[in-house]
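J.:
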Amino acid sequence: MKRINMILIAVLILAIFPCTGASAKDGNIRSSPEHKNTTDWLFIEPPSLEVQYCSFVSTIESRVNDFQNLNSKFPLSPGERNRNMPQNFQPTNNERRYQQSSPAVTREEPSEDVPPDMRSRSFLDEQYITQQNTSYYQSCVTPYADAMTSYLKENSLDDKYEIYEAALSWTWVSDETLNGVDEKWLTPTEFLEKTPTYSSNPDYGEPASDCEEQANTLASLLITSGEYNESTVRVAIGKVDFGNVSGGHAWVEVYENGEWFPLDPTEGPYYDDENCSIVSEDVSEINYDEYLESTYPAAKVWYYYNNKYFMEVGKQNENVPVFWNEQPESYPEKQNGDAQAFRNKQLESYPD
1 MKRINMILIA VLILAIFPCT GASAKDGNIR SSPEHKNTTD WLFIEPPSLE VQYCSFVSTI
61 ESRVNDFQNL NSKFPLSPGE RNRNMPQNFQ PTNNERRYQQ SSPAVTREEP SEDVPPDMRS
121 RSFLDEQYIT QQNTSYYQSC VTPYADAMTS YLKENSLDDK YEIYEAALSW TWVSDETLNG
181 VDEKWLTPTE FLEKTPTYSS NPDYGEPASD CEEQANTLAS LLITSGEYNE STVRVAIGKV
241 DFGNVSGGHA WVEVYENGEW FPLDPTEGPY YDDENCSIVS EDVSEINYDE YLESTYPAAK
301 VWYYYNNKYF MEVGKQNENV PVFWNEQPES YPEKQNGDAQ AFRNKQLESY PD
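Numbering-wise, full-length UniProt numbering puts 252 at position 252 of the sequence shown, and it's gapless, one number per residue.
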């Protein structure tokens, strides 16, 4: 019995010794500067199944330790890291202004079967409108910002006609696409100088945003140019009705020869979210005073404002010029000769 026990102990020692030696050899190789290839340690040919097993376990433990050390350098999960990424991530080389669209974006001609103004665009969030105070709206019209003067100078815009023509070249893009949120208002400076280089801008290199930025910027530029002042240009926030669709919208009104008429810069190109394409528009036939006589589809107006004045339509407004209580003759109800019906609509429901 003793002899059998001694034989068993000897066999056990012989089985453990090569395994221990292989592990030690493996540790020495990995700790040496020359060890650069994960397969270098495999030069040992295990003499038995037991040694192979021990070597395999040692290798697995080593790889787990290496992975844990690597993972400790990146404590955030990919999802957590993405949440820290700014919404409007911009390219590192902001001086490059690509003129072509990204490969995923195509340009299409407008369909003749769809209403010629808003088509498939989303409307201004009416609930968002009521959550803002007076100063918020007024801060979005900035005629004295340096960016306004620079834009006029760099584009050689000498009068109101050239300014409006430039505005009609701006691309309408939804807030969902551009900013990743349902509603976000940018200043005119951000619109003109930053949106061209947003990575989310499908018309990269060109100013892009939705109706409120374009209206606020157009009003700002018209005041900056000296063509108008704070009394004779204003931004309108209200509801437009195109027959098959209606919703909140922002546009501009200017006062000339004793009457107001609308300007709408969003009648230029727009990005169709559904088809991932930029739809071009022929704006060559749009005159500056297009809506002096022809119908503009305003159903209601809720607010008028610029950097100096703010007016809630249908309410007592003592701090605005008297003629701010007047409205364009080109609105549908007024063109039908029912001015009182249109005024009554203004007094009805405001955004909830």
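The beta-carbon is built from N, C-alpha and C at its ideal position, and this holds for glycine as well.
1) Give me, in chain order, the residues of the same chain whose beta-carbon lies closer than 6 Å to that of E253; leave out the 5 immediate sequence neighbours on both sides.
2) How is E318 classed by DSSP in three states: helix, strand or coil?
3) By the three-class DSSP mapping on this structure, what secondary structure does S135 have?
4) Between D210, K308, P265 and V240, which lies nearest to E165 when the distance is taken from Cα to Cα?
5) Should E183 be labelled buried (16 or more other beta-carbon atoms within 10 Å of its own) or exposed?
6) Determine contact between the region 317-337 and the region 293-309, defined as no fewer than three beta-carbon pairs at a distance below 8 Å.
7) Could you check what DSSP says for P332 in three-state terms: helix, strand or coil?
8) Could you give the first and the last residue of the continuous alpha helix (DSSP H) run that contains K239?
9) Applying the 10 Å Cβ sphere with the 16-neighbour rule, what's the burial state of I60?
10) Who are the near neighbours of residue 353 in its chain, counting only those whose CB is closer than 6 Å to its CB and skipping five residues on each side?
11) Identify, in the order they occur along the chain, each residue of the same chain with its Cβ nearer than 6 Å to the Cβ of Y309, setting aside the five sequence neighbours on each side.
12) Exposed or buried, E274, counting other C-beta atoms within 10 Å across all chains shown (16 or more means buried)?
13) Per DSSP, which one or two residues make a beta bridge with P262?
14) Taking 8 Å as the cut-off, decide whether the C-beta atoms of N155 and E230 are in contact.
15) Is D158 helix, strand or coil when you go by DSSP?
16) One question on the structure: do W185 and Y271 come within less than 8 Å of each other, judged by their Cβ atoms?
17) Does DSSP put I278 in a helix, a strand or coil?
18) Which value, in whole angstroms, describes the spacing of the CA atoms of F123 and H249?
19) Among all the DSSP beta bridges, which residues are the ones paired with E312?
20) Who are the Cβ neighbours of A208 in its own chain at under 6 Å, not counting the five residues just before and after it?
21) From what residue to what residue does the beta strand (DSSP E) around Y271 run?
22) On the three-state DSSP scale, how would you describe S220?
23) Would Y204 be called buried (16 or more neighbouring beta carbons within 10 Å of its own) or exposed?
24) Could you check how far apart the C-beta atoms of A167 and Q132 are, in whole angstroms? I think they sit under 8 Å.
25) Leaving out five residues before and five after residue 409 in sequence, what residues of the same chain have Cβ atoms less than 8 Å from its Cβ?
26) Starting from Y128, trace the alpha helix (DSSP H) in both directions and tell me its first and last residue.
27) From the DSSP output, in three-state form, read off T142 for me.
28) If you draw a straight line from the alpha carbon of V322 to that of K153, how long is it in whole angstroms?
29) Counting along the chain, where does the alpha helix (DSSP H) carrying D210 start and finish?
30) Check T187 in the structure and name its three-state DSSP category.
31) Determine the direct distance from the alpha carbon of T197 to that of Y303, and round the result to whole angstroms.
32) Distance, Cα to Cα, D289 vs V301?
33) Out of T149, S169 and Q127, which has the shortest C-alpha to C-alpha gap to S280?
34) Taking the alpha-carbon positions, what's the D159 to L192 distance?
35) Taking just the CA atoms, how far does K315 sit from D282?
T.: Let's see:
1) The residues are R234, A236, W260 and P262.
2) Looking at E318 - three-state DSSP - the assignment turns out to be coil, as it is neither helix nor strand.
3) In the three-state scheme derived from DSSP, where H, G and I count as helix and E and B as strand, S135 is classed as helix.
4) Checking every option, the nearest Cα to that of E165 belongs to P265.
5) The residue in question, E183, is buried, as its Cβ has 16 or more Cβ neighbours within 10 Å.
6) Enough Cβ pairs lie closer than 8 Å, so yes.
7) Correct three-state label for P332: helix.
8) For K239, no alpha helix (DSSP H) segment is defined; the enclosing uninterrupted segment is the beta strand (DSSP E) at V233 to D241.
9) Its pLDDT being 41, under 50, I60 is placed unreliably in this model, and the coordinates cannot settle the point.
10) Summary: the structure shown does not reach residue 353, with the chain confined to residues 1 through 352, and so no result is reported for it.
11) Hits under 6 Å: V320.
12) Looking at its Cβ environment, which holds fewer than 16 other Cβ atoms inside 10 Å, E274 is exposed.
13) E253.
14) No Cβ-Cβ contact shorter than 8 Å links N155 with E230.
15) In this structure, DSSP gives D158 a state outside helix and strand, which the three-state scheme calls coil.
16) Their beta carbons are not under 8 Å apart, which means W185 does not touch Y271 by this criterion.
17) Of the three classes helix, strand and coil, the one that applies to I278 here is strand, per DSSP.
18) Cα-Cα distance, rounded: 6 Å.
19) When beta bridges are read from the DSSP output, E312 appears opposite Y303.
20) The answer, listed in chain order, is T171, V173, T195 and N201.
21) From DSSP, the beta strand (DSSP E) with Y271 extends over Y270 to D272.
22) Residue state, collapsed to three classes: helix.
23) Burial call: buried.
24) Not really, about 23 Å apart at Cβ, beyond 8 Å.
25) Outside the modelled stretch of the chain, which goes from 1 to 352, sits residue 409, for which no answer is possible.
26) Judged by DSSP secondary structure, Y128 falls within the alpha helix (DSSP H) whose first and last residues are E126 to T130.
27) T142: coil per DSSP, three-state reduction.
28) Here the alpha carbon of V322 sits roughly 34 Å from the alpha carbon of K153.
29) Under the DSSP assignment, D210 falls outside any alpha helix (DSSP H); it carries neither an H nor an E label.
30) Reduced to three states, the DSSP call for T187 is coil.
31) Taken atom to atom, the span from the alpha-carbon of Y303 to that of T197 is near 31 Å.
32) D289 and V301 have their C-alpha atoms some 20 Å from each other.
33) Measuring from the Cα of S280, the nearest candidate turns out to be S169.
34) Cα to Cα, D159 sits roughly 18 Å from L192.
35) Cα-Cα distance, rounded: 39 Å.
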